[in-house]
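**Student:** Residue numbers (my numbering), protein chains in the order written: chain F, 794 to 916; chain Y, 995 to 1156. Every residue gets a Cβ at the ideal spot worked out from N, C-alpha and C, and that includes glycine.
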Amino acid sequence: SLTCKNAAKNINLYADINGKTMQVTKSEDNSKYQYQVSFSDENKNLPSGRYDLKFYDEDGYTNLRKAQRSGEGASSVASLFTITVSHPGVWKGPMVQTEFVAATVAILVWYLAYTARSKLQSS
Amino acid sequence: RVHGKSSALFYGNAAIVSAIPIWIFWRVHEMDLKENAPLFAVCTLLVTFLVAFAYKNSKFIFKHKIAAKRDAAINYEITKKIGDDKRVTKKEKEERVLWKKNEVADYEATTFSIFYNNAIFLLALLFISFMVLSNLSPMLNYSISMLSAAGLIALLSTGTKC
């Protein structure tokens, strides 16, 4: 949770997430989580890693928009604060198919049995 | 001719080996347990008999071969055990060797027969069930693959070479 130095409350926040800017929603009835922001995309567009979410107040947001329009780049505007989210990535399935493992083990066991039998027969 | 203890071992092992694939078919092919219980029961029983049959035949064939192989080793062991005991006659020594050979060959043939037949059964079952019959309905898949695999080892065990 955050507290402002000048004890400002109920300010409008804006977030810059992965290049997309959006306003952070404010809810009055949810006293625990007053501000909420979310982002979603296809799995391949969100690789695993750390995502920096920069938050701006009204003035910061205006400066940001100005900088974007003039092509200066968003990094020149100082953000109010930054939250880092680490996304561990999604599971894409097992590396080796289970039936392959089962088949390999079965063949190995059979091979051992077969060689043992051959040794027995060869006497 | 199979002795009591051996027989129990064979049937017990055969029952376990025939019962385990039920778990595979339940989980992988998604066959409901309660629905298919009669089919599972009948098939398991048939397969148990076939597998035990295969065990017995294989053991019989393996025992002779093993006995022949172990002859020298057992002879040496018994001779060493007797040592310089003058009371043991040659005949008694040979009797002991024969008895020990029979015991060892019996045990080794039993366990090897179980191991060998299980290996083939498992491989055949996996192959038939997942490669050959994968598109069939689960109930047909279960019955055909189990009976075929068990039939295969039963057949192979009756061959003279085994």
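Using the Cβ count rule (16 or more neighbours within 10 Å means buried), how would you classify F/Pro887?
**Tutor:** Position 94 of the first sequence, counted from the start, is the residue given in the question as residue 887 of chain F. Burial call: exposed.
**Student:** What are the residues that DSSP puts in a beta bridge with F/Tyr807?
**Tutor:** Walking along the first sequence from the start, residue 807 of chain F turns up at place 14. Its beta-bridge partners are F/Gln816 and F/Tyr849.
**Student:** Buried or exposed: where does F/Phe832 fall if 16 or more other Cβ atoms within 10 Å of its Cβ makes it buried?
**Tutor:** For the purposes of this step, residue 832 of chain F is taken as the residue at position 39 of the first sequence. By the 10 Å Cβ count, F/Phe832 comes out exposed.
**Student:** Per DSSP, F/Ser879 is paired with what?
**Tutor:** In the first sequence, residue 879 of chain F corresponds to position 86, counting from 1. In DSSP, F/Ser879 forms a bridge with F/Arg843.
**Student:** Could you spell out the range, first to last residue, of the alpha helix (DSSP H) harbouring Y/Asn1051?
**Tutor:** The count along the second sequence starts at 1 and reaches residue 1051 of chain Y at position 57. That run of the alpha helix (DSSP H) goes Leu1027 to Ile1076.
**Student:** Between the C-alpha atoms of Y/Met1125 and F/Phe874, what's the straight-line distance to the nearest angstrom?
**Tutor:** As a working mapping, residue 1125 of chain Y is identified with position 131 in the second sequence. As a working mapping, residue 874 of chain F is identified with position 81 in the first sequence. In a straight line, the C-alpha of Y/Met1125 is about 58 angstroms away from that of F/Phe874.
**Student:** Which one of Y/Ala1061, Y/Ser1131 and Y/Glu1024 has the shortest CA to CA distance from Y/Trp1093?
**Tutor:** On the second sequence, position 99 is the one that residue 1093 of chain Y refers to. It is Y/Ala1061 whose Cα lies nearest to the Cα of Y/Trp1093.
**Student:** Expressed to the nearest angstrom, what Euclidean distance is found between the alpha-carbon atoms of Y/Asn1129 and F/Lys813?
**Tutor:** Taking the first residue of the second sequence as position 1, residue 1129 of chain Y is located at position 135. Taking the first residue of the first sequence as position 1, residue 813 of chain F is located at position 20. Cα to Cα, Y/Asn1129 sits roughly 48 angstroms from F/Lys813.
**Student:** For chain Y, check one thing: does any of its Cβ atoms lie closer than 7 angstroms to the Cβ of F/Leu913?
**Tutor:** The sequence position of residue 913 of chain F within the first sequence is 120, counting from 1. Interface residue, yes.
**Student:** Taking its Cβ as the centre, do 16 or more other Cβ atoms sit within 10 Å of F/Pro840, making it buried, or is it exposed?
**Tutor:** Translated into the one-based positions of the first sequence, residue 840 of chain F becomes position 47. Label assigned to F/Pro840: exposed.
**Student:** Can you tell me the Cβ-Cβ gap for F/Ala896 and Y/Leu1120, rounded? I've got them flagged as a contact below 8 angstroms.
**Tutor:** By one-based count along the first sequence, residue 896 of chain F stands at place 103. By one-based count along the second sequence, residue 1120 of chain Y stands at place 126. At roughly 6 angstroms, the Cβ-Cβ gap stays under 8 angstroms, so F/Ala896 and Y/Leu1120 are in contact.
**Student:** Is there contact between the segment 1142–1152 of chain Y and the segment 1105–1124 of chain Y, where contact requires at least three CB pairs shorter than 8 angstroms?
**Tutor:** They touch, by the three-pair rule.
**Student:** With 7 angstroms as the threshold, decide whether the Cβ of Y/Lys1059 is near any Cβ in chain F.
**Tutor:** Here residue 1059 of chain Y corresponds to residue number 65 of the second sequence, with the count starting at 1. Judged by the 7 angstroms Cβ criterion, Y/Lys1059 is in contact with chain F.
**Student:** Between the segment 818–841 of chain F and chain Y, which residues of the former have a C-beta closer than 9 angstroms to a C-beta of the latter?
**Tutor:** Result list empty, no residue passes.
**Student:** Should Y/Arg1021 go down as buried or exposed, given a rule of 16 or more other Cβ atoms within 10 Å for buried?
**Tutor:** Here residue 1021 of chain Y corresponds to residue number 27 of the second sequence, with the count starting at 1. With fewer than 16 other Cβ atoms within 10 Å, it is exposed.
**Student:** For the segment 1078–1091 of chain Y against the segment 1099–1107 of chain Y, are there 3 or more C-beta pairs whose distance is under 8 angstroms?
**Tutor:** Too few Cβ pairs lie closer than 8 angstroms, so no.
**Student:** Is any beta-carbon of chain Y found at less than 7 angstroms from that of F/Trp884?
**Tutor:** Within the first sequence, numbered from 1, the residue matching residue 884 of chain F stands at position 91. Output row for F/Trp884: interface = no.
**Student:** Output, in sequence order along the chain, the residues in the segment 1113–1134 of chain Y whose CB is closer than 7 angstroms to any CB in chain F.
**Tutor:** Within the segment 1113–1134 of chain Y, the qualifying residues are Ala1113, Ile1114, Leu1116, Leu1117, Leu1120 and Phe1124.
**Student:** Relative to chain F, which residues along the segment 1046–1058 of chain Y have a C-beta separation below 7 angstroms, given in chain order?
**Tutor:** Against chain F - using a Cβ distance shorter than 7 angstroms - the residues of the segment 1046–1058 of chain Y are Phe1056.
**Student:** Does the Cβ-Cβ distance between F/Tyr849 and F/Leu857 come in under 7 angstroms?
**Tutor:** As a working mapping, residue 849 of chain F is identified with position 56 in the first sequence. As a working mapping, residue 857 of chain F is identified with position 64 in the first sequence. Yes.
**Student:** Run down chain F in chain order and give the residues with a C-beta less than 9 angstroms from the C-beta of Y/Phe1106.
**Tutor:** As a first step, residue 1106 of chain Y is located in the second sequence; it is residue number 112 there, counting from the start. Neighbours of Y/Phe1106 on chain F, chain order: Ala906, Ala909, Arg910 and Leu913.
**Student:** Let me know if Y/Ile1025 comes out buried or exposed under the rule of 16 or more other beta-carbons within 10 Å of its beta-carbon.
**Tutor:** The sequence position of residue 1025 of chain Y within the second sequence is 31, counting from 1. The question names Ile, yet the displayed sequence has Met at residue 1025 of chain Y. Burial call: buried.
**Student:** Please list the partners that Y/Phe1109 has in chain F, where partner means a Cβ-to-Cβ separation under 7 angstroms.
**Tutor:** The count along the second sequence starts at 1 and reaches residue 1109 of chain Y at position 115. The contacting residues are Ala906.
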